[in-house]
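Chemist:
Numbering (the UniProt record's numbering), first residue to last: 1 to 744.
1. Does DSSP put residue 826 in a helix, a strand or coil?
2. Give the list of continuous beta strand (DSSP E) stretches no shorter than 3 residues that lie fully inside the stretch 361-417.
3. According to DSSP, is residue 447 part of a helix, a strand, or is it coil?
4. Looking only at its chain, what residues have a beta carbon closer than 7 Å to the beta carbon of residue 364, apart from the 5 residues adjacent to it on each side?
5. Return the residue from the list 691, 305, 545 that minimises the CA-CA distance to residue 123.
6. How many angstroms separate the CA atom of residue 650 from the CA atom of residue 538?
7. Using the three-state DSSP reduction, which class does residue 583 fall into: helix, strand or coil?
8. Which residue comes first and which comes last in the alpha helix (DSSP H) that contains residue 518?
9. Would DSSP call residue 248 helix, strand or coil?
10. Between the alpha carbons of residue 291 and residue 316, how many angstroms are there, rounded?
11. Please say whether residue 277 and residue 558 have beta carbons closer to each other than 8 Å?
12. Could you tell me the boundaries of the alpha helix (DSSP H) in which residue 641 lies?
13. Can you tell me where the alpha helix (DSSP H) holding residue 296 begins and where it ends?
14. For residue 488, is the classification buried or exposed, using 16 other Cβ atoms within 10 angstroms of its Cβ as the cut-off for buried?
15. Pick out the complete beta strand (DSSP E) segments inside the stretch 137-210, 3 residues or longer, and give them in chain order.
16. From residue 262 to residue 175, what does the alpha carbon distance come to, in whole angstroms?
17. Output the distance between the C-alpha atoms of residue 229 and residue 508, rounded to the nearest integer angstrom.
18. Helix, strand or coil, according to DSSP, for residue 675 in the structure here?
19. Taking the CB atoms as reference points, tell me whether residue 368 and residue 326 lie closer together than 8 Å.
20. Would you kindly work out how many angstroms separate the C-alpha atoms of residue 355 and residue 490, rounded to a whole number?
21. Helix, strand or coil for residue 725, going by three-state DSSP, please let me know.
22. Closest to residue 140 by CA distance: which of 548, 314, 689, 641 is it?
23. Is the number of C-beta pairs between the stretch 134-150 and the stretch 239-254 that are closer than 8 Å three or more?
24. Counting only runs of 4+ residues fully inside the stretch 302-327, write out the alpha helix (DSSP H) ranges in chain order.
25. Can you tell me whether residue 732 is helix, strand or coil according to DSSP?
26. Please report the distance separating the alpha-carbon of residue 239 from that of residue 536.
27. Go ahead and pull the three-state DSSP assignment for residue 287.
28. Which same chain residues end up closer than 6 Å to residue 379 when comparing Cβ atoms and leaving out the 5 residues on each side of it in sequence?
29. Just how far apart, CA to CA, sit residue 39 and residue 98?
30. Given a cut-off of 8 Å on the beta-carbon distance, is the pair residue 486 and residue 299 in contact?
31. Sorted by chain position, which residues of the same chain lie with C-beta nearer than 7 Å to residue 412's C-beta, five sequence neighbours on each side aside?
32. Comparing alpha-carbon positions, which option in 132, 186, 279 lies nearest residue 257?
33. Run through DSSP, which three-state label would residue 79 get?
34. How many Å lie between residue 213 and residue 568 at the Cα?
35. With distances taken from CA atoms, which of 449, 268, 646 is nearest residue 707?
36. Rounded to whole angstroms, what's the CA-CA distance from residue 738 to residue 615? Just pull it up for me.
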């Protein structure tokens, strides 16, 4: 393990004397004094020097603990690429650790959450798209809940041996030439009863994400007839390496996530897909989040990390991971929509949403209102039973009937609803997150719920029937789902987040057959493929697009790949998405076009360091991310954010009049000889200048710089514009967003 600094991960305890898992970062050490004392005959052997590095690292590690009363036995795990270790400490001990001379920071082992076909065709990415043979050398690292290896999506039929560069392995798991790596991490050894202590997927989410990225093409899949067709990944020839960090306990620990990044980097993956994040809107510094730290180290090794934007929308600034080195992916709908209908005895039909595979054959069932049948013996009355909260309904009054409820409940809490024939939920939330229940169910609007309630009150023999879900074509596409987290970036307001959008609503992909589609124990419906929604589903689409680009350009940096995805994205409608770029970033991914973007915006590690210094991070904080001797001395310029070479432009304005200049550099990756002319699309309130307006190139890899100056007056929350560099063959588009105070 590298000895420059150490991290210690913790979990907040409700009691100061309770041992919990806590993180510590130490001041960097220099190797030079030690090398001066290495005999010449030892210096000649790289292997020996590497061993010495480990030894000296261990000495420093022990010195830190030796200078206190902390015992080395308390160390649970140490990392390779982040110089980190995990310990059990009380809250008081963690505070003392944070005050030690060489400690940079202490942060918690937080519990992250999963951000839980036609999508590829919708993206104009057909099965017969032009592909490089090197796609089979691309290795995608998926940090999630594991994988179900028996799925046809992960068969290795037709695959040769793993790429020679691969250094990974499989733990308590039989791999093949498709799944070439499989590891699992649960450092605190907290397992649920139904957990499988191996990389095998016990809940389906990881299999779904992995197959969306790189699953084989599998014909004739469906969920009991729904979403039928061919399931395929974006890069079906790529290999998969699985890092299981999410368990049936419902959490994905920070310590485990860092361990997964650590192993993925060492194993040699080419791109990382991680669909996890915080379960609530919390704004953490860049150096106090496992996804941020892990992805920074991946970036240093040339690995792009694709991360789901989170499912905490539609409020503004509802994302939880904002660093510019991450590819942050929002969830969009596509042209397939699954709807469910309920029909009343009076002939009225109301359309709602759910994934309802049950078929009542049109048979009517008595309709009751939850507020009229409270579980009085259980301490409930109509104030709770009208919402159908868990255990609030009288069992005998709902058995064999369809229950009308005023708000939506989770499938786990609903269960089988005491033998009810079905359930109708009123939901004032936009209808784009359909759920699957263990009985016939659907969500209707609050208005429709009131109409159904009115019918029930005026008819003594009110009945209803719920139909099996059906597919319809949605003309209002693409739009960003209501659940998808939005920007702007509250940590660095002058950078745009999310970066891009991808399909994340009603996506069908591989599933774990031991996990029922409703998540309700006793639900006998088991499937090999499932339809679910979330930014978790959008993320692997973008990961696959990144892997596709890398198969054509194996030497491109993570920033170049991210740039290619963003500048070739399909623009989305501001009318359908009032939060504009804060909903969709650069737009909807266009993988086929991204392989030939014309120009790219590259960013080095040094550029990110300069940016972080400009954001006010201290040397100690900076080294949590860099794990080296990086210093902000002479680099702490507040203008650094305007010079970070992003393929997007964001400007937060405090007053009405403003003027800001951005410096950018583009690299020619299109035609050897080419001339690009700048074209700006902007509203009249903005005056956007580009200097120079023409960029001429004479070779591949040649770089040219320009300035973009934004001036104007803002009297609305958000103003959208775009810059397009056009050579007649490539249109390199960058989004521009100017905003003032926005209501969340």
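Cβ coordinates follow ideal geometry from the N, Cα and C atoms, glycine included.
Modeler: On the basis of the coordinates in this document:
1. Coverage of the chain is limited to positions 1 through 744, which leaves residue 826 absent and any answer about it impossible.
2. With a minimum length of 3 residues, the continuous beta strand (DSSP E) runs that stay inside the stretch 361-417 are 365-369, 402-405.
3. Along the chain shown, one-based indexing puts residue 447 at 447. In the structure shown, residue 447 sits in a helix (DSSP, three-state: H, G or I).
4. As a first step, residue 364 is located in the chain shown; it is residue number 364 there, counting from the start. Around residue 364: 345, 463, 464, 465.
5. Numbered from its first residue, the chain shown carries residue 123 at position 123. Checking every option, the nearest Cα to that of residue 123 belongs to 545.
6. The residue given as residue 650 occupies position 650 in the chain shown. The residue given as residue 538 occupies position 538 in the chain shown. Taking the straight line from one Cα to the other gives about 23 Å.
7. Taking the chain shown and counting its residues from 1, one reaches residue 583 at position 583. Three-state result, residue 583: helix.
8. Taking the first residue of the chain shown as position 1, residue 518 is located at position 518. In the DSSP assignment, residue 518 falls outside any alpha helix (DSSP H) and carries neither an H nor an E.
9. As a working note, residue 248 is residue 248 in the chain shown. Of the three classes helix, strand and coil, the one that applies to residue 248 here is coil, per DSSP.
10. Here residue 291 refers to the residue found at position 291 of the chain shown. Here residue 316 refers to the residue found at position 316 of the chain shown. So the alpha carbons of these two residues sit roughly 21 Å apart.
11. The count along the chain shown starts at 1 and reaches residue 558 at position 558. The count along the chain shown starts at 1 and reaches residue 277 at position 277. No. Outside cutoff.
12. In the chain shown, residue 641 corresponds to position 641, counting from 1. Taken as a continuous stretch (DSSP letters only), the alpha helix (DSSP H) holding residue 641 covers 640-643.
13. Translated into the one-based positions of the chain shown, residue 296 becomes position 296. 290-300 is the span of the alpha helix (DSSP H), which, as asked, contains residue 296.
14. Your numbering for residue 488 matches position 488 in the chain shown. Classified as buried, residue 488 has 16 or more neighbouring CB atoms from the shown chains inside 10 Å of its CB.
15. If we require 3 residues or more, the beta strand (DSSP E) runs fully inside the stretch 137-210 come out as 139-144, 179-184.
16. Numbered from 1 along the chain shown, position 262 holds the residue referred to as residue 262. Numbered from 1 along the chain shown, position 175 holds the residue referred to as residue 175. Taking the straight line joining both Cα atoms gives about 20 Å.
17. Taking the first residue of the chain shown as position 1, residue 229 is located at position 229. Taking the first residue of the chain shown as position 1, residue 508 is located at position 508. For residue 229 and residue 508, the gap between their C-alpha atoms comes out near 9 Å.
18. Taking the first residue of the chain shown as position 1, residue 675 is located at position 675. Residue 675 falls in the strand class under three-state DSSP.
19. Locating residue 368 in the chain shown gives position 368, counting from the first residue. Locating residue 326 in the chain shown gives position 326, counting from the first residue. Result no, Cβ atoms of residue 368 and residue 326 do not sit closer than 8 Å.
20. Working through the chain shown from its first residue, we reach residue 355 at position 355. Working through the chain shown from its first residue, we reach residue 490 at position 490. In a straight line, the C-alpha of residue 355 is about 35 Å away from that of residue 490.
21. Residue numbering aside, residue 725 sits at position 725 when the chain shown is read from its first letter. Three-state result, residue 725: strand.
22. Residue 140 sits at position 140 when you count from the first residue of the chain shown. With distances taken between Cα atoms, residue 140 lies closest to 548.
23. As far as the Cβ criterion goes, the stretch 134-150 touches the stretch 239-254, which means the pair count is three or higher.
24. The alpha helix (DSSP H) runs lying completely inside the stretch 302-327 and spanning 4 residues or more number zero.
25. On the chain shown, residue 732 is found 732 positions in, with the first residue counted as 1. Residue state, collapsed to three classes: strand.
26. Residue mapping note: residue 239 aligns to position 239 of the chain shown, counting from 1. Residue mapping note: residue 536 aligns to position 536 of the chain shown, counting from 1. Each residue's Cα considered, the two are about 20 Å apart.
27. Looking up residue 287 in the chain shown gives position 287. Helix, per DSSP.
28. Here residue 379 refers to the residue found at position 379 of the chain shown. Nothing meets the Cβ criterion.
29. Position 39 of the chain shown, counted from the first residue, corresponds to residue 39. Position 98 of the chain shown, counted from the first residue, corresponds to residue 98. In this prediction, residue 39 has a pLDDT of 34, which is less than 50 and means its spatial position is unreliable; what the coordinates show is noted afterwards. Cα to Cα, residue 39 sits roughly 37 Å from residue 98.
30. On the chain shown, position 486 is the one that residue 486 refers to. On the chain shown, position 299 is the one that residue 299 refers to. No. Outside cutoff.
31. On the chain shown, residue 412 is found 412 positions in, with the first residue counted as 1. Within the same chain, residue 412 has close Cβ partners 519, 520.
32. Walking along the chain shown from the start, residue 257 turns up at place 257. Of the candidates 132, 186, 279, the one whose C-alpha sits nearest the C-alpha of residue 257 is 186.
33. Position 79 of the chain shown, counted from the start, is the residue given in the question as residue 79. Three-state DSSP puts residue 79 in coil, outside helix and strand.
34. Sequence index remark: in the chain shown, residue 213 carries index 213 (1-based). Sequence index remark: in the chain shown, residue 568 carries index 568 (1-based). So the two alpha carbons sit approximately 19 Å from each other.
35. Here residue 707 refers to the residue found at position 707 when the chain shown is read from its first residue. Of 449, 268, 646, the residue nearest in Cα terms is 646.
36. Along the chain shown, one-based indexing puts residue 738 at 738. Along the chain shown, one-based indexing puts residue 615 at 615. Whole-angstrom Cα-Cα distance: 20 Å.
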